[in-house]
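Asks: Handing you this structure, nothing more for now.
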Amino acid sequence: MGQLIFPILGVIILLLIFSSIFTVKQQTAALIERFGKFTSMRHSGLQFKVPLIDKIAGRINLKIQQLDVIVETKTKDDVFVRLKISVQFQVRREKVYDAFYRLQNPHDQITSYVFDVVRAEVPKMKLDYVFEKKDDIAIAVKRELNEAMMDYGYDIIKTLVTDIDPDVQVKAAMNRINAAEREKTAAEYEAEADRIKIVAKARAEAESKRLQGQGIADQRREIARGLEESVDVLNNVGINSQEASALIVVTQHYDTLQSIGEATQSNLILLPNSPQAGSDMLNNMIASFTASAQIGEQMKKTNKNKEEAEANKNNDADGWKD
Numbered sequence: 001m002g003q004l005i006f007p008i009l010g011v012i013i014l015l016l017i018f019s020s021i022f023t024v025k026q027q028t029a030a031l032i033e034r035f036g037k038f039t040s041m042r043h044s045g046l047q048f049k050v051p052l053i054d055k056i057a058g059r060i061n062l063k064i065q066q067l068d069v070i071v072e073t074k075t076k077d078d079v080f081v082r083l084k085i086s087v088q089f090q091v092r093r094e095k096v097y098d099a100f101y102r103l104q105n106p107h108d109q110i111t112s113y114v115f116d117v118v119r120a121e122v123p124k125m126k127l128d129y130v131f132e133k134k135d136d137i138a139i140a141v142k143r144e145l146n147e148a149m150m151d152y153g154y155d156i157i158k159t160l161v162t163d164i165d166p167d168v169q170v171k172a173a174m175n176r177i178n179a180a181e182r183e184k185t186a187a188e189y190e191a192e193a194d195r196i197k198i199v200a201k202a203r204a205e206a207e208s209k210r211l212q213g214q215g216i217a218d219q220r221r222e223i224a225r226g227l228e229e230s231v232d233v234l235n236n237v238g239i240n241s242q243e244a245s246a247l248i249v250v251t252q253h254y255d256t257l258q259s260i261g262e263a264t265q266s267n268l269i270l271l272p273n274s275p276q277a278g279s280d281m282l283n284n285m286i287a288s289f290t291a292s293a294q295i296g297e298q299m300k301k302t303n304k305n306k307e308e309a310e311a312n313k314n315n316d317a318d319g320w321k322d
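Residue numbers (UniProt numbering): 1 to 322.
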């Protein structure tokens with residue numbers, strides 16, 4: 001019997017020794033109670049406690065933690081939207097006691113405050129402003145949480161609005177509006193491009209016609225200068241201006257016939273090219289020049305008679321006044 005007592009006592013002593021030793025992980029705090037009353041707080045490393053008397057009441061994580069809260073609420077323009085709020089929080093080292101003993105469930109407490117703040121802020125905004133002012137919502141949530149959770153030993157590091165999810169039909173409508181706006185912008189750019197092309201084409205055509213007209217004018221000017229020189233040459237040999245003009249016209253007529261005949265891809269043109277036709281042309285031109293000269297002389301005489309009649313009328317009027 002005595003031989004069994006010593007081994008049993010040895011086992012009991014070993015158990016008591018092992019039960020008095022415990023470890024605490026890094027960034028963790030352990031709270032020790034004695035007969036249900038808090039006695040001490042232990043941090044990372046190898047720790048000791050009184051066996052059978054002291055016990056570990058709990059452990060507190062001192063790392064930065066994140067809690068994601070999804071809140072469904074309604075905007076000012078009556079659109080239901082789901083917001084995902086990510087809250088990053090941490091237990092303060094000097095407030096571990098309050099964090100463990102004063103607050104039963106910190107996650108539920110933080111969630112309640114997030115719901116309260118979001119459902120107070122978002123209904124004041126239209127849906128478009130919710131997207132634009134998400135940082136303001138996050139700041140309001142952090143401010144409210146800091147004021148509420150600081151007394152319980154929690155420090156709110158940061159709050160983020162990580163997702164804004166409107167109703168499916170609302171998203172489809174927003175996509176249609178966005179697509180319509182982009183199509184409108186594209187149509188405006190295409191219309192502007194077409195207008196630029198039309199203006200550029202019109203300017204090019206105007207410049208082309210201007211240059212074409214300038215070329216024709218230069219060509220006619222050179223032809224007139226050449227005819228003038230030809231008439232001067234013929235006048236020097238005793239041929240008057242009318243005869244010289246007729247001779248030049250006939251010469252150009254036959255030059256034209258020659259150039260048409262030399263062209264390989266010209267269309268068929270029927271022109272009078274007999275000597276009699278040339279003679280008739282010359283006679284007609286001389287007759288037209290003669291008739292033109294007679295008409296000019298007649299117009300000069302008519303204008304002169306009118307001027308004389310007007311002058312006589314004015315002289316008679318002056319004499320009557322005297």
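C-beta: ideal position from N, C-alpha, C; glycine also.
Taking E121 as the reference, which of K301, V170, E144 has the closest Cα?
Replies: Numbered from its first residue, the sequence shown carries residue 121 at position 121. The residue with the shortest Cα to Cα distance from E121 is E144.
Asks: Taking its Cβ as the centre, do 16 or more other Cβ atoms sit within 10 Å of G10, making it buried, or is it exposed?
Replies: The residue given as residue 10 occupies position 10 in the sequence shown. So G10 ends up on the exposed side.
Asks: Return the CA-CA distance between N303 and K313, expressed in angstroms with no decimal places.
Replies: Here the question's residue 303 lines up with position 303 in the sequence shown. Here the question's residue 313 lines up with position 313 in the sequence shown. Roughly 15 Å between the two C-alpha positions.
Asks: Are at least three pairs of beta-carbons, each pair with one atom in the region 71-78 and one in the region 51-62, less than 8 Å apart?
Replies: Touching, no.
Asks: For Y113, count neighbouring C-beta atoms within 10 Å of its own C-beta (all shown protein chains included) and say buried if the count is 16 or more, exposed if not.
Replies: Taking the sequence shown and counting its residues from 1, one reaches residue 113 at position 113. Result: buried.
Asks: Specify whether the region 82-90 and the region 137-155 touch according to this definition: at least 3 beta carbon pairs, one from each stretch, less than 8 Å apart.
Replies: Segments in contact, yes.
Asks: Relative to the C-alpha of P166, which candidate in K300, S40, T73, V24 has its C-alpha closest?
Replies: One-based indexing of the sequence shown puts residue 166 at position 166. Comparing Cα-Cα distances from P166 to each of K300, S40, T73, V24, the minimum goes to T73.
Asks: On the CB-based measure, 16 or more other CB atoms within 10 Å of its CB, does M299 come out buried or exposed?
Replies: Looking up residue 299 in the sequence shown gives position 299. Exposed, by the Cβ-count rule.
Asks: Alpha carbon to alpha carbon, what distance is there between I56 and residue 379?
Replies: Given that the chain is displayed from residue 1 to residue 322, the structure contains no residue 379 and the question cannot be resolved.
Asks: Going by DSSP, which residues form a beta bridge with S86?
Replies: Walking along the sequence shown from the start, residue 86 turns up at place 86. Bridge partners of S86: D68, L160.
Asks: Taking all protein chains shown into account, do 16 or more other C-beta atoms lie within 10 angstroms of the C-beta of K142, making it buried, or fewer, making it exposed?
Replies: Within the sequence shown, residue 142 is the residue found at index 142, counting from 1. By the neighbour-count rule (16 or more Cβ atoms within 10 Å), K142 is buried.
Asks: Check whether the Cβ atoms of I60 and V96 lie closer than 8 Å to each other.
Replies: In the sequence shown, counting from the first residue as 1, residue 60 sits at position 60. In the sequence shown, counting from the first residue as 1, residue 96 sits at position 96. Cβ atoms of I60 and V96: closer than 8 Å.
Asks: Output yes or no for whether 8 Å exceeds the beta carbon distance between L67 and H107.
Replies: As a working note, residue 67 is residue 67 in the sequence shown. As a working note, residue 107 is residue 107 in the sequence shown. Going by C-beta atoms, L67 is nearer than 8 Å to H107.
Asks: Pull up the distance between the alpha-carbon of M174 and that of K126, whole angstroms please.
Replies: As a position in the sequence shown, residue 174 is number 174, starting the count at 1. As a position in the sequence shown, residue 126 is number 126, starting the count at 1. Cα to Cα, M174 sits roughly 13 Å from K126.
Asks: How far does the beta strand (DSSP E) with L31 in it extend, from its first residue to its last?
Replies: Residue numbering aside, residue 31 sits at position 31 when the sequence shown is read from its first letter. Segment 28-34, the beta strand (DSSP E) holding L31.
Asks: For a minimum of 4 consecutive residues, which ranges assigned as the alpha helix (DSSP H) are wholly contained in the region 87-133?
Replies: 96-101, 106-121, 127-132, all fully within the region 87-133.
Asks: Note down, in chain order, each residue of its chain lying with its Cβ closer than 8 Å to the Cβ of P123, except the 5 sequence neighbours on either side.
Replies: In the sequence shown, the residue the question calls residue 123 occupies position 123. Excluding sequence neighbours, P123 sits near T73, K74, T75, K76.
Asks: Return helix, strand or coil for L62, following the three-state DSSP convention.
Replies: Walking along the sequence shown from the start, residue 62 turns up at place 62. In the structure shown, L62 sits in coil (DSSP, three-state: anything other than H, G, I, E or B).
Asks: Measure the Cβ-Cβ separation of Y154 and R102 and say whether it is below 8 Å.
Replies: To locate residue 154, count along the sequence shown from 1; it is residue 154. To locate residue 102, count along the sequence shown from 1; it is residue 102. Taking 8 Å as the Cβ cut-off, Y154 and R102 do not qualify as a contacting pair.
Asks: When DSSP labels each residue in this structure, what does I295 get in the three-state scheme?
Replies: As a working mapping, residue 295 is identified with position 295 in the sequence shown. DSSP places I295 in helix when its eight states are reduced to three.
Asks: DSSP on G45, reduced to helix/strand/coil?
Replies: On the sequence shown, residue 45 is found 45 positions in, with the first residue counted as 1. In this structure, G45 counts as strand in the three-state DSSP scheme.
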